[in-house]
Amino acid sequence: MDNEFESVRIAELAMLDADRLDGVPFGVIGFTSDALVTVYNATESKNAGLRPKMVLGKHFFGEVAPCMNNFMVAQRFEDEDVLDDIVPYVLTLRMRPTPVRLRLLKATDCATRFVLIERRATN
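Numbering (our numbering), first residue to last: 1 to 123.
In structure tokens, the structure reads:
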């Protein structure tokens with residue numbers, strides 16, 4: 001899969017194995033309906049400085065990314081049945097403020113919800 005941050009579909013992401021997800025040039029975090037992390041690719045691990053074993057099985061909004069536990073990100077997964085939106089955002093947890101684009105993905109026919117993270121080239 002090429003850098004398809006803006007066009008990749010949730011069904012495609014859900015079908016990729018860990019090796020393919022690790023090759024994606026943007027961060028991919030997948031989680032269950034109760035926000036437990038089930039997918040954490042190598043790109044996001046490298047960018048965030050967190051090893052997958054520290055993240056997998058943890059509550060995404062409570063333990064992994066509390067800076068996203070707000071109306072702009074977490075609440076949208078609660079409120080919307082279908083979600084596919086790109087949001088300009090600034091990550092602040094455990095790092096200097098880092099401008100990113102988040103892509104929020106949720107579908108009624110997919111058990112996994114995703115947050116994709118595209119960091120700006122200024123890193």
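Built from N, CA and C at the ideal position, the CB exists for glycine as well.
Remember, it's a predicted structure, so these values are computed and weren't measured experimentally.
Which residue spans inside the segment 41-121 form an unbroken alpha helix (DSSP H) run of at least 4? For the segment 41-121, whole alpha helix (DSSP H) runs of length 4 or above, ordered along the chain, are 42-48, 52-55 and 74-79.
Three-way DSSP call (helix, strand, coil) for Leu36 in this model: Sequence index remark: in the sequence shown, residue 36 carries index 36 (1-based). DSSP places Leu36 in strand when its eight states are reduced to three.
Looking at C-alpha atoms only, which residue of Phe60, Ala65, Tyr40 and Asn47 is the closest neighbour of Lys53? For this step, residue 53 is matched to residue 53 along the sequence shown. Taking Lys53 as reference, the option from Phe60, Ala65, Tyr40 and Asn47 with the minimal CA-CA separation is Tyr40.
Quick check on Met1: buried or exposed, where buried means 16 or more other Cβ atoms within 10 Å of its Cβ? For the purposes of this step, residue 1 is taken as residue 1 along the sequence shown, with counting starting at 1. Only weak support exists for where Met1 lies, its pLDDT of 46 falling under 50; the value from the coordinates is given anyway. Classification for Met1: exposed.
Could you check where the alpha helix (DSSP H) with Glu12 kicks off and where it finishes? For the purposes of this step, residue 12 is taken as residue 12 along the sequence shown, with counting starting at 1. It spans Ile10 to Met15 - the alpha helix (DSSP H) in which Glu12 sits, taken as one unbroken run.
Report, in whole angstroms, the separation of the C-beta atoms of Asn69 and Arg119, which I expect to be a contact under 8 Å. Within the sequence shown, residue 69 is the residue found at index 69, counting from 1. Within the sequence shown, residue 119 is the residue found at index 119, counting from 1. That pair is no contact at about 20 Å.
Would you please state the rounded distance, in angstroms, between the beta carbons of Val82 and Thr108? I believe it to be under 8 Å. Within the sequence shown, numbered from 1, the residue matching residue 82 stands at position 82. Within the sequence shown, numbered from 1, the residue matching residue 108 stands at position 108. Taking a contact as a CB-CB distance under 8 Å, the pair Val82 and Thr108 counts as one, their CB atoms being some 6 Å apart.
Relative to the alpha-carbon of Gly62, which residue among Gly27, Val115, Ala14 and Leu36 has its alpha-carbon at the smallest distance? For the purposes of this step, residue 62 is identified with residue 62 of the sequence shown, where counting begins at 1. For Gly62, the nearest C-alpha among the options comes from Leu36.
Return the CA-CA distance between Leu91 and Pro25, expressed in angstroms with no decimal places. The residue labelled residue 91 in the question sits at position 91 within the sequence shown. The residue labelled residue 25 in the question sits at position 25 within the sequence shown. Straight-line Cα distance between these residues: approximately 18 Å.
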